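S.K.: One structure coming up, written as structure tokens, with questions to follow.
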Amino acid sequence: MLSGLVIVDKPRGWTSHDVVGKVRRLAGTRKVGHAGTLDPMATGVLVVGVNKATRLLSYIVGTEKTYTATIRLGQSTVTDDAEGEVLEERIAAAVTEDQIRAAAARLTGPIQQVPSSVSAIKVAGERSYARVRAGHDVALEARPVTIHAFDVHGVRRVRGGRLQDVDVTVRCSSGTYIRALARDMGAALGVGGHLTALRRTQVGPYGIAQAHTLEQLAEDFALLPLADAARSLLPVRELSEDEAVELSFGRRIPASRAGAHADTDTITAAFAPDGSLVALLKDAGALAKPELVFAARGDGA
Numbered sequence: 049m050l051s052g053l054v055i056v057d058k059p060r061g062w063t064s065h066d067v068v069g070k071v072r073r074l075a076g077t078r079k080v081g082h083a084g085t086l087d088p089m090a091t092g093v094l095v096v097g098v099n100k101a102t103r104l105l106s107y108i109v110g111t112e113k114t115y116t117a118t119i120r121l122g123q124s125t126v127t128d129d130a131e132g133e134v135l136e137e138r139i140a141a142a143v144t145e146d147q148i149r150a151a152a153a154r155l156t157g158p159i160q161q162v163p164s165s166v167s168a169i170k171v172a173g174e175r176s177y178a179r180v181r182a183g184h185d186v187a188l189e190a191r192p193v194t195i196h197a198f199d200v201h202g203v204r205r206v207r208g209g210r211l212q213d214v215d216v217t218v219r220c221s222s223g224t225y226i227r228a229l230a231r232d233m234g235a236a237l238g239v240g241g242h243l244t245a246l247r248r249t250q251v252g253p254y255g256i257a258q259a260h261t262l263e264q265l266a267e268d269f270a271l272l273p274l275a276d277a278a279r280s281l282l283p284v285r286e287l288s289e290d291e292a293v294e295l296s297f298g299r300r301i302p303a304s305r306a307g308a309h310a311d312t313d314t315i316t317a318a319f320a321p322d323g324s325l326v327a328l329l330k331d332a333g334a335l336a337k338p339e340l341v342f343a344a345r346g347d348g349a
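So, in structure tokens, the structure goes:
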């Protein structure tokens with residue numbers, strides 16, 4: 049059974065669900081999912097899992113991500129991006145590049161971020177964006193995120209100098225809303241802001257250089273095999289033949305580190321001598337317990 053990751057360069061205008069549907073058709077299977085939604089206006093890296101590799105997706109969702117983006121200063125929109133109605137426009141000509149860089153610096157590091165009101169976060173059992181579109185006021189709570197880097201690469205005047213476009217790169221923790229960063233930068237500078245372009249260039253270990261367009265995938269379905277995907281994502285443990293057999297039955301084996309006495313949250317990818325992925329392990333005291341078994345006994349994997 050075909051199993052692995054497809055690193056897609058998502059086109060503008062496509063939803064992440066659209067991409068999953070396309071990959072299902074190309075792979076000839078229904079068991080396909082993705083690791084982290086991209087808005088329709090965004091492009092770039094969308095990690096898609098096929099068959100058994102869908103079980104790796106939860107370990108990819110929480111990884112760091114990197115984006116390139118353009119922030120327009122001087123306009124606020126209802127969606128915090130270019131797809132929403134303009135709520136307010138102010139002249140941003142007086143804002144200096146030094147002020148812009150200082151605003152980016154203040155938004156770097158551990159911060160409390162209020163997600164965009166048109167996000168997919170659920171409020172009273174309903175998606176926030178659905179409540180907004182139905183005319184309800186939505187106030188989301190701030191949540192902790194970490195902005196590891198917020199680099200300004202260029203600033204240029206647009207609309208006759210009334211507005212300014214700021215090109216940035218953001219490296220951040222999972223759960224960060226780049227639209228919210230654009231909104232908050234504009235608010236900090238007193239002129240408002242929104243996102244006009246967004247491209248995701250990295251998700252954990254998977255970068256844009258590995259990504260393929262949907263057109264390329266239709267010609268040559270490039271799949272990162274399950275074992276290779278796990279090796280690039282997680283710490284690796286090479287098993288003996290006996291350990292591989294024990295894990296294939298779902299049994300515990302000695303911990304990854306000799307003399308381990310405490311539980312750890314570290315997940316390890318465990319490989320049989322033939323190079324196949326057997327299981328994902330977590331140490332629990334002196335033993336390692338399988339969190340997921342890929343090559344269950346009699347499975348034929």
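Residues in the sequence shown are numbered from 49 upward in steps of one, following my numbering. For glycine and all other residues, C-beta sits at the position ideal for the given N, C-alpha and C. Since this is a predicted model, take the numbers as computed values, not measurements.
1) With distances taken from CA atoms, which of Phe319, Ala150, Arg227 is nearest glutamate 294?
2) Which two residues bound the contiguous alpha helix (DSSP H) that contains glutamine 6?
3) Quick check on the burial criterion: 16 or more other C-beta atoms within 10 angstroms. Buried or exposed for leucine 135?
4) Assess contact between the region 295 to 304 and the region 261 to 274, defined as three or more Cβ pairs (one per stretch) separated by less than 8 Å. Is contact present?
5) Quick one, are the C-beta atoms of valine 18 and alanine 152 less than 8 Å apart?
6) Can you give me the C-alpha to C-alpha distance between arginine 285 and proline 163, rounded to a whole angstrom?
7) Could you tell me the distance, in whole angstroms, from the CA atom of arginine 279 to the CA atom of proline 192?
8) Can you give me the Cβ contacts of threonine 244 inside the same chain, cut-off strictly under 6 Å, excluding the 5 residues immediately before and after it?
9) In terms of residues, what are the limits of the alpha helix (DSSP H) holding aspartate 276?
10) Could you pull out every residue in the same chain whose Cβ sits closer than 6 Å to the Cβ of phenylalanine 198, ignoring the five residues on either side in sequence?
11) Could you check the C-alpha separation between serine 222 and threonine 125 for me, to the nearest Å?
12) From the DSSP secondary-structure annotation, give me the bridge partner or partners of glutamate 133.
13) Indicate whether leucine 104 and alanine 277 have their beta-carbon atoms separated by less than 8 Å.
M.R.: In brief:
1) Phe319
2) Any property of residue 6 remains undetermined from this structure, which presents the chain solely from 49 to 349.
3) exposed
4) no
5) Residue 18 lies beyond the residue range present for the chain, which begins at 49 and ends at 349; the question has no answer from this structure.
6) 38 Å
7) 30 Å
8) Thr118, Arg120, Ala130
9) 274 to 281
10) Ala152, Leu155, Thr156, Val218
11) 24 Å
12) Per DSSP, none; premise fails for glutamate 133.
13) yes
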